[in-house]
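Enquirer: Structure below; questions to follow.
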Amino acid sequence: MEKGGYIVNNMAEYLFHEGTNYHSHKFLGSFLEEGVCTFRVWAPNAKKVFVTGDFCSWNPYVYEMKLFNDKGIYEITVPDVKQFDSYKYIIVTESGQELWKADPYAVHAETRPKTASKVYKLPEYKWKDDKWMNKRHVPYHEPMNIYEVHLGSWRHKESGGKFSYRELADELVNYVKEMNYTHIELLPVTEYPYDKSWGYQVTGYFSPTSRYGTPEDFMYFVDKCHQNNIGVILDWVPGHFTKDAHGLYEFDGTPCYEYSDSRKMEHEGWGTRVFDYGRNEVRAFLTSSAISWIEDYHIDGLRVDAVSSMIFLNYCRDEEKSARNIHGGFENLEAIDFLRNLNLYVKENYPGVIMIAEESTSYPKVTAAVEHGGLGFDFKWNMGWMNDSLDYLEVDPFFRKGSHDKFTFSMCYAFSENYILPISHDEVVHGKKSLLDKAPVAYEDKFANFKAFLGYMFAHPGKKLTFMGVDIAQFIEWDEERQLDWFLLLYPKHNFSHRYVKELNKYYKSTPALWQNDSDWNGFRWHVVDDNINNIFAFSRIDNSGKEVLVVSNFSGQILKGYEIGVDTWGSYKISLNSDAKKYDGTALQNRTLKTINKKKNDFQYTLRVNIPPYATMYIEKK
Numbered sequence: 000m001e002k003g004g005y006i007v008n009n010m011a012e013y014l015f016h017e018g019t020n021y022h023s024h025k026f027l028g029s030f031l032e033e034g035v036c037t038f039r040v041w042a043p044n045a046k047k048v049f050v051t052g053d054f055c056s057w058n059p060y061v062y063e064m065k066l067f068n069d070k071g072i073y074e075i076t077v078p079d080v081k082q083f084d085s086y087k088y089i090i091v092t093e094s095g096q097e098l099w100k101a102d103p104y105a106v107h108a109e110t111r112p113k114t115a116s117k118v119y120k121l122p123e124y125k126w127k128d129d130k131w132m133n134k135r136h137v138p139y140h141e142p143m144n145i146y147e148v149h150l151g152s153w154r155h156k157e158s159g160g161k162f163s164y165r166e167l168a169d170e171l172v173n174y175v176k177e178m179n180y181t182h183i184e185l186l187p188v189t190e191y192p193y194d195k196s197w198g199y200q201v202t203g204y205f206s207p208t209s210r211y212g213t214p215e216d217f218m219y220f221v222d223k224c225h226q227n228n229i230g231v232i233l234d235w236v237p238g239h240f241t242k243d244a245h246g247l248y249e250f251d252g253t254p255c256y257e258y259s260d261s262r263k264m265e266h267e268g269w270g271t272r273v274f275d276y277g278r279n280e281v282r283a284f285l286t287s288s289a290i291s292w293i294e295d296y297h298i299d300g301l302r303v304d305a306v307s308s309m310i311f312l313n314y315c316r317d318e319e320k321s322a323r324n325i326h327g328g329f330e331n332l333e334a335i336d337f338l339r340n341l342n343l344y345v346k347e348n349y350p351g352v353i354m355i356a357e358e359s360t361s362y363p364k365v366t367a368a369v370e371h372g373g374l375g376f377d378f379k380w381n382m383g384w385m386n387d388s389l390d391y392l393e394v395d396p397f398f399r400k401g402s403h404d405k406f407t408f409s410m411c412y413a414f415s416e417n418y419i420l421p422i423s424h425d426e427v428v429h430g431k432k433s434l435l436d437k438a439p440v441a442y443e444d445k446f447a448n449f450k451a452f453l454g455y456m457f458a459h460p461g462k463k464l465t466f467m468g469v470d471i472a473q474f475i476e477w478d479e480e481r482q483l484d485w486f487l488l489l490y491p492k493h494n495f496s497h498r499y500v501k502e503l504n505k506y507y508k509s510t511p512a513l514w515q516n517d518s519d520w521n522g523f524r525w526h527v528v529d530d531n532i533n534n535i536f537a538f539s540r541i542d543n544s545g546k547e548v549l550v551v552s553n554f555s556g557q558i559l560k561g562y563e564i565g566v567d568t569w570g571s572y573k574i575s576l577n578s579d580a581k582k583y584d585g586t587a588l589q590n591r592t593l594k595t596i597n598k599k600k601n602d603f604q605y606t607l608r609v610n611i612p613p614y615a616t617m618y619i620e621k622k
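In numbering that gives the first Met the number 0, the protein residues as written are 0 to 622.
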């Protein structure tokens with residue numbers, strides 16, 4: 000090894016064990032240069048380590064790795080290795096057991112059910128997204144409308160096969176652009192063995208799944224998104240990992256990446272192991288994973304999965320079986336520190352990258368800056384809004400008057416964090432029904448109710464996320480083994496709904512009142528908050544210039560003629576978007592003249608009389 004390389008590697012090694020090497024993937028893993036490959040792996044409690052693979056016909060004992068240091072890093076340089084050669088490490092434990100392990104730092108892997116890593120040197124990809132990267136910023140005061148996608152079940156080829164990353168770069172990107180979404184969020188594409196885990200039980204934290212192609216193919220996909228002004232958010236899972244034998248599970252025969260404390264070690268409900276956030280090498284591993292996606296693949300944001308499971312030691316555990324922190328509480332101080340450091344590092348070094356927390360509790364300051372005592376995320380999924388809204392939707396309209404607060408309560412905390420409103424994959428599976436089918440109303444009314452809900456959602460403060468299938472009013476639950484029911488677009492009611500979603504997205508993107516003040520009371524005002532008898536909600540969204548959009552939602556099956564709503568501005572009004580419009584298969588209830596009358600209403604100076612259709616949301620603007 001050259002002197003300069005020795006110094007570099009020794010510094011990388013030192014920082015790795017300090018927990019501050021956030022590019023440890025450039026030190027650990029496989030490194031191919033002109034047919035010679037250097038392998039490095041961390042296995043602190045191993046007795047011996049071998050590397051084997053295609054390059055030695057899988058003879059297990061040809062290449063014994065040597066200790067790089069006294070902290071468990073092993074190294075070897077092997078000749079006659081080719082790009083795409085499969086390999087594994089053989090970890091010999093203190094008891095003499097042999098564990099055949101994939102490389103934790105591999106950037107490519109065999110396609111399941113095979114489990115080996117592949118030697119792969121990332122290409123010097125010629126990105127064409129400079130324009131996008133130079134203008135990229137966190138959209139606190141911009142529109143953000145996310146299309147959540149599971150790549151394997153979005154759409155299939157006519158032959159039944161699945162699209163590759165490169166094929167999706169045309170098929171999916173063109174569709175998302177046409178439908179006026181701003182971002183794609185991918186269910187995890189980090190390599191995983193089991194299809195039905197949807198990617199949430201990860202074995203390859205640095206590897207885009209080979210199901211759809213190579214790492215270079217994935218780069219091409221992201222590049223194509225950016226060239227079409229579409230951001231890419233990756234679902235990232237640092238909260239737990241699968242117990243598959245070839246993965247991180249007891250990597251050297253002992254708890255290595257996971258906690259050794261049985262009270263912290265396992266998520267019993269998920270059957271997975273929990274990362275040891277107090278171990279420096281694990282912190283370096285996880286942070287490096289995040290950074291590799293940002294740097295190598297130009298990912299625009301990470302949605303951090305299951306944050307609640309990370310920050311609470313008693314998450315899904317009986318308290319008597321839970322560990323406690325040094326203060327006697329259940330907060331996992333190590334995990335909290337890890338998340339803060341990660342978010343700080345990203346914000347300082349990759350401005351414009353979006354960090355999103357899937358956090359389901361009332362833990363405070365998730366999106367507050369670290370220096371202000373927060374976790375440092377940019378956005379948090381609003382799980383409270385999601386649960387309450389869907390609960391309301393599932394109530395028979397006749398009884399919704401008793402659940403009115405399910406829609407109004409969210410405004411008590413809507414500005415406490417920077418929120419994203421999610422109707423995600425989790426809400427359309429396992430007996431929860433599709434969004435279209437949730438309401439217990441007649442078949443014909445399901446579509447009107449569905450469109451009314453989306454209209455309400457897109458006007459509510461917070462950025463937007465909807466799972467694929469909402470766009471076509473999918474009737475049955477999502478199934479990861481099937482493509483979406485695209486044939487539904489042959490039927491008028493679904494086609495009308497599809498058009499509505501497309502035009503709702505367009506209106507949202509072009510209307511600053513709906514996103515400019517998502518985290519500020521100045522951008523919101525109630526007009527009708529307490530009419531539970533009629534299932535009516537009316538509020539306005541306001542942009543920085545003072546321009547308002549009056550939003551009126553009717554979640555009953557009755558027509559309300561001449562319904563009075565207080566407003567502050569005298570004059571004529573127009574309906575800018577109406578879920579009940581004829582072009583969306585609505586009743587087309589007429590509002591020929593919308594003019595104020597000189598009558599005070601609640602706290603407003605004037606009154607607007609509106610004919611409100613059943614199961615409808617209307618956006619009304621001053622002419």
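Built from N, CA and C at the ideal position, the CB exists for glycine as well.
Give the DSSP-derived three-state secondary structure of I475 in the structure shown.
Expert: Coil at I475, not helix or strand.
Enquirer: Express the C-alpha separation of A413 and G34 in angstroms, rounding to a whole number.
Expert: Near 57 Å, if we compare the C-alpha coordinates of A413 and G34.
Enquirer: Using the DSSP secondary-structure output, state which residues sit across from W380 in a beta bridge.
Expert: Bridge partners of W380: I419.
Enquirer: Around the C-beta of N133, are 16 or more other C-beta atoms found within 10 angstroms, so that it is buried, or is it exposed?
Expert: Burial call: exposed.
Enquirer: Give the DSSP bridge partners of D234, in chain order.
Expert: Note: D234 sits in a beta bridge opposite R302.
Enquirer: State yes or no: is the C-beta of G212 within less than 8 Å of the C-beta of R165?
Expert: It is a contact, given that the beta carbons lie within the stated cut-off.
Enquirer: Taking three-plus beta-carbon pairs below 8 Å as touching, is the region 494 to 501 in contact with the region 517 to 529?
Expert: Too few Cβ pairs lie closer than 8 Å, so no.
Enquirer: Report the partner residues of H266 according to the DSSP bridge assignment.
Expert: DSSP lists T271 as partners of H266.
Enquirer: Can you look up W520 in the DSSP assignment and give me helix, strand or coil?
Expert: W520: helix per DSSP, three-state reduction.
Enquirer: For A11, name the three-state secondary structure that DSSP assigns.
Expert: Note: A11 maps to helix in three-state DSSP.
Enquirer: For A441, which residues in the same chain have their Cβ closer than 6 Å to its Cβ, ignoring the five residues on either side in sequence?
Expert: Around A441: no qualifying Cβ.
Enquirer: Mind checking whether A305 and W235 have CB atoms under 8 Å apart?
Expert: No, Cβ-Cβ distance for A305 and W235 is not below 8 Å.
Enquirer: Report yes if the CB atom of F142 is closer than 8 Å to the CB atom of W514, and no otherwise.
Expert: For the record, residue 142 in the displayed sequence is Pro; it is not Phe. In contact: P142 and W514 (Cβ atoms closer than 8 Å).
Enquirer: Once the 5 residues before and after E563 are set aside, which same chain residues still bring their CB inside 7 Å of it?
Expert: So the qualifying residues of the chain are K600, T606 and R608.
Enquirer: Along the chain, where does the alpha helix (DSSP H) that runs through K345 open and close?
Expert: Correcting the residue identity first, residue 345 is Val in this sequence and not Lys. Here the alpha helix (DSSP H) through V345 covers L332 to N348.
Enquirer: Counting only the same chain and skipping the five closest in sequence on each side, list residues whose C-beta sits under 7 Å from that of E249.
Expert: Closer than 7 Å at Cβ, skipping near neighbours: C255.
Enquirer: Considering only residues of the same chain and omitting the five flanking positions on each side of G3, which have a CB-CB separation below 7 Å?
Expert: Here G3 scores only 41 on pLDDT, less than 50, and its place in the model should not be relied on; the value that follows carries that caveat. So the list is empty, once near-sequence residues are dropped.
Enquirer: For K120, tell me which candidate among S29, K400 and H526 has the shortest Cα-Cα distance.
Expert: The shortest Cα separation from K120 among S29, K400 and H526 belongs to S29.
Enquirer: Over the uninterrupted beta strand (DSSP E) stretch that includes I636, give me the two end residues.
Expert: With the chain represented from 0 up to 622, any question about residue 636 goes unanswered, as that position is not in the structure.
Enquirer: Using DSSP with H/G/I as helix, E/B as strand and the rest coil, what is P43?
Expert: Residue state, collapsed to three classes: coil.
Enquirer: So the alpha helix (DSSP H) W126 belongs to, where does it begin and stop?
Expert: Careful: W126 lies outside any alpha helix (DSSP H) and carries neither H nor E.
Enquirer: Would you say I325 faces chain D, with C-beta separation under 8 Å as the test?
Expert: Among the chains of the structure shown, chain D does not appear; only one protein chain is present.
Enquirer: Can you tell me where the alpha helix (DSSP H) holding N610 begins and where it ends?
Expert: No alpha helix (DSSP H) contains N610, which is instead part of the beta strand (DSSP E) from Y605 to I611.
Enquirer: Since I564 is in the beta strand (DSSP E), which residue starts that stretch and which ends it?
Expert: Per DSSP, I564 belongs to the beta strand (DSSP E) from L559 to V566.
Enquirer: If W569 sits next to T592, beta carbons under 8 Å apart, how far is it from one beta carbon to the other, in whole angstroms?
Expert: Not really, about 14 Å apart at Cβ, beyond 8 Å.
Enquirer: What are the start and end residues of each continuous beta strand (DSSP E) run of 3 or more residues lying completely inside the region 161 to 228, in chain order?
Expert: Counting whole runs of 3 or more residues, the region 161 to 228 contains the beta strand (DSSP E) stretches 182 to 185 and 203 to 207.
Enquirer: Would DSSP call M0 helix, strand or coil?
Expert: Only weak support exists for where M0 lies, its pLDDT of 39 falling under 50; the coordinates are left without a value.
Enquirer: Apply the 10 Å Cβ neighbour rule to E184 and answer buried if 16 or more other Cβ atoms are within range, or exposed otherwise.
Expert: Classification for E184: buried.
Enquirer: Can you tell me the Cα-Cα spacing of H526 and L374, whole angstroms?
Expert: Taking the straight line from one Cα to the other gives about 35 Å.
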